[in-house]
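Step one of this worksheet: look at the structure below.
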Amino acid sequence: MEADMHRTQDTYSLSDFRQRTSEHLDRIREGRVETITQNGQAAMVVMSPERYDFLVHSAERGHMWREAIRAHRAGEPGTPAREAIRDLAEELGLEL
Numbered sequence: 009m010e011a012d013m014h015r016t017q018d019t020y021s022l023s024d025f026r027q028r029t030s031e032h033l034d035r036i037r038e039g040r041v042e043t044i045t046q047n048g049q050a051a052m053v054v055m056s057p058e059r060y061d062f063l064v065h066s067a068e069r070g071h072m073w074r075e076a077i078r079a080h081r082a083g084e085p086g087t088p089a090r091e092a093i094r095d096l097a098e099e100l101g102l103e104l
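Reading the sequence shown from the start, the letters are residues 9 to 104 in the working numbering.
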């Protein structure tokens, strides 16, 4: 799933969301992210579970990379290559 920029045309009022929930859900299932406003202010962001999982996973990966770079710059020992490859294969469900 690609991380694309949120489009302003994907902003809807809460009353529109209530009245046309099925249409909104169709767009969300297609991967769109919608911002719902209340009294003209952003009140919530609605997305599919798959998009949410993608964003959470991306944030976790980013945190892991920042920590790895910090540890490297601090001269801390890293994970041995064999162990790292084994862990990655396990995470991806691959057999070595």
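By construction, the Cβ of each residue, glycine as well, lies at the ideal position given by its N, Cα and C atoms.
State yes or no: is the beta carbon of residue i nearer than 7 Å to at least one beta carbon in chain D?
i          : result
residue 50 : Here chain D cannot be found, since the structure has a single protein chain.
Name the residue from the options whose alpha carbon lies nearest to the alpha carbon of residue i.
i          : options       : result
residue 38 : 23, 27 and 59 : 59
Residue j and residue i - do their beta-carbons sit closer together than 7 Å?
i          : j          : result
residue 2  : residue 44 : Absent from the model: residue 2. The displayed extent of the chain is 9 to 104, so no value can be given.
residue 61 : residue 42 : no
residue 46 : residue 22 : yes
DSSP beta-bridge partners for residue i?
i          : result
residue 43 : 19 and 53
Using the three-state DSSP reduction, which class does residue i fall into: helix, strand or coil?
i           : result
residue 103 : coil
residue 29  : helix
residue 83  : coil
residue 70  : helix
residue 75  : helix
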